[in-house]
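*Asks:*
Residue numbers (the working numbering): 12 to 125.
(1) If we ignore side chains and look at the alpha-carbon of each, how far apart do residue 23 and residue 34 end up?
(2) Taking buried to mean at least 16 other C-beta atoms within 10 Å of its own C-beta, is residue 50 buried or exposed?
(3) Give me the residue from 13, 44, 20 and 31 with the minimum Cα distance to residue 114.
(4) Are residue 56 and residue 94 closer than 8 Å when you measure CB to CB?
(5) Going residue by residue through the region 36-78, where are the continuous alpha helix (DSSP H) segments of at least 4 residues, counting only ones entirely within it?
(6) Considering Cα atoms alone, identify which of 124, 99 and 119 is closest to residue 105.
(7) Looking at residue 53: is its Cβ nearer than 8 Å to the Cβ of residue 98?
(8) How about residue 111 and residue 76: do their beta carbons lie closer than 8 Å?
(9) When the Cα of residue 108 is compared with those of 19, 36, 79 and 84, which residue comes out closest?
(10) Going by other Cβ atoms of all chains shown within 10 Å of its Cβ, with 16 needed for buried, is residue 70 buried or exposed?
Set out below in structure tokens:
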């Protein structure tokens, strides 16, 4: 995989944020391939330079606890059953859910990407 430096990392994060705004909820957008590539590069850099043993699901669990939220409070990302499967690790967050969570908690979408 392509190695990047800190400056390139910061630029890619900004570019990914802009792309996610453009793509919106359309997972079939022709730019989704680029979103995936940038996400992978950013994720690889973060794993190497910011080693934290947390996953997107761990961040979600923490935020739910910190904000005293229950599964039913997250109905915008799916049914209670879907949220339960996500929290148990049986289902991954999809792009739409990641964007909604990032917006709700005012965080970078990368927070929820493993």
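Glycine included, every Cβ here is placed at the ideal spot set by N, Cα and C.
*Replies:* In brief:
(1) 16 Å
(2) buried
(3) 31
(4) no
(5) 43-60 and 67-77
(6) 124
(7) no
(8) no
(9) 36
(10) buried
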